[in-house]
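Start counting the sequence shown at 24; every next residue gets the next number (this note's numbering). Where a beta carbon is used, it is the ideal one built from N, C-alpha and C, also for glycine. Comments concern the structure below.
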Amino acid sequence: MNAGTPRFRGNMKAAGSVLSDVLANLKRQVWEARYGEQGGRGFSMRVARAAGTEMLQLGRLRKAWPTMVGPDLANHSAPDRLFQGKLFVVCKDSQWMQTFTFVRIQVLERVNRLCPDSGVKSVVARLGRLPAKSPVAQAPDWPDWHAVKMSNLPLIKNRELYDALTRCRAKLQARQEALTRAGMKPCPQCNGVPIPSGVSACASCRHQERLRDRSKLRNLLDETPWLTLDEAREHVPSISSIEFEAAKSDLLCEVNRTVESLGAQVKESFDETVIPRLRLEMLRSIILQTGVRPDVMTPEAIDAMFPVDWRNLLEYAAKKESRENSEC
């Protein structure tokens, strides 16, 4: 392994590598949307991945810019672009651009110290509009946990452990009181995520609930594939029309794959016990596609709805079955 190659454990990747790939894929999608599916003018994923890495490094530089050039110069300049070994810096006016030229060499050294793999060889200053600054989140106003009144813990011989547990309980109770005053409450299902008072559950619990509803719908359609959306909602009221159609589509694909597998098994090595199941899976596929109930149609009408290759497969299985019986 080369000295410069990053080493990962197992299949885990560094966060910067993952974000670089994500940015590269986004850049590829934008490029294909603009110039076509083939990438237009020689699009290269290698170039896109390099651009994603440069965007990450540029974000690090913008975050550390006040500490690199000082608060005054940071208010009137900002890193704008990192491209092919050059860092382009925009300045608010010509006076601040001239001021920046005096510290350009020091900035280059600090950039290479902060991002040693960026390969920046020069810093170029130019006039331009400064990028908008993201609002800085204010720290929550937690109450003083020292003033929290709480019952004492059971006596523990280890005094250091006792003090640590008491301190943790006091901080937790102080934060719970602050969240309550702010109109928040713990999620009633998992009791681990603070949510607004008017919300019934956190996003994670709601997602798990949707997964349970979809699993219940899948089992319901597996047993009774002729159900309509209104009939399914009698058992799973929260299901949507999109989820209903998606569940039927997934189940239909699975049933068709089973038909293909059983059909290949009948052709390779005849087994009369497979034929009833093959016919049943074919029937389930037709029901999922049409919504017809098996109790309102005759077997002849259902057979007529089978595709030609399915009917030929059933005729082949019937002839082979009769031949096997005559030989016996």
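Assuming residue i contacts residue j (C-beta within less than 8 Å), just tell me the rounded distance between them.
| i | j | result |
| --- | --- | --- |
| V147 | F111 | 5 Å |
| A270 | R241 | 5 Å |
| E344 | E295 | 5 Å |
| L274 | L311 | 6 Å |
| L250 | L243 | 7 Å |
| S145 | K109 | 5 Å |
Using 10 angstroms around the beta-carbon of residue i, count the other beta-carbons present and answer buried if the total reaches 16, otherwise exposed.
| i | result |
| --- | --- |
| E77 | buried |
| G59 | Low local confidence applies: a pLDDT of 49 at G59 is under 50, so the model's placement there is unreliable, and no value is given. |
| G27 | Only weak support exists for where G27 lies, its pLDDT of 46 falling under 50; the value from the coordinates is given anyway. G27 should be labelled exposed. |
| L176 | exposed |
| F267 | buried |
| L105 | buried |
| D318 | exposed |
| A255 | buried |
| V113 | buried |
| R307 | buried |
| D103 | buried |
| I265 | exposed |
| Q80 | buried |
| I309 | buried |
| H169 | exposed |
| V331 | exposed |
| A205 | exposed |
Which residue from the options puts its Cα closest to that of residue i?
| i | options | result |
| --- | --- | --- |
| G93 | K109, L81, L105, R127 | R127 |
| T247 | R182, R85, R316 | R316 |
| G221 | S292, P299, S227, K208 | K208 |
| G353 | A226, M328, R302 | Residue 353 falls outside the range modelled here, since the chain spans only 24 to 351, and no answer is possible. |
| A197 | C210, Q212, K172, P211 | K172 |
| P166 | A201, A324, I325 | A201 |
| C138 | W88, Q107, L84, K180 | L84 |
| C225 | Q212, R237, D236, R235 | Q212 |
| G82 | P154, D95, S238, E132 | P154 |
| L301 | K180, D326, T321 | D326 |
| K342 | E257, S141, K290 | K290 |
| Q129 | L150, R229, M91, K86 | M91 |
| K86 | Q107, N279, V134, S238 | V134 |
Query raised in the report: Any contact of the segment 87-104 with the segment 115-132, i.e. 3+ C-beta pairs under 8 Å?
Result: Flag = yes, the segment 87-104 and the segment 115-132 touch.
Evaluate the contact criterion for the segment 282-300 versus the segment 252-272: three or more CB pairs, one atom per stretch, below 8 Å. Touching, no.
Between the segment 208-227 and the segment 175-192, do three or more beta carbon pairs fall short of 8 Å? Touching, no, given that fewer than three Cβ pairs across the two stretches are closer than 8 Å.
Practice item. Within the segment 295-325, note down every full alpha helix (DSSP H) run reaching 4 residues or more, in order along the chain. Key: Qualifying alpha helix (DSSP H) stretches, in chain order: 297-313.
Taking the runs of the alpha helix (DSSP H) that are 4 residues or longer, which of them lie wholly in the segment 197-265? Here the runs fully enclosed are 226-246, 252-256.
Practice prompt. With a floor of 4 residues, list each alpha helix (DSSP H) that falls wholly inside the segment 106-164, ordered by position along the chain.
Written response: Within the segment 106-164, the complete alpha helix (DSSP H) runs of at least 4 residues fall at 117-125, 127-137.
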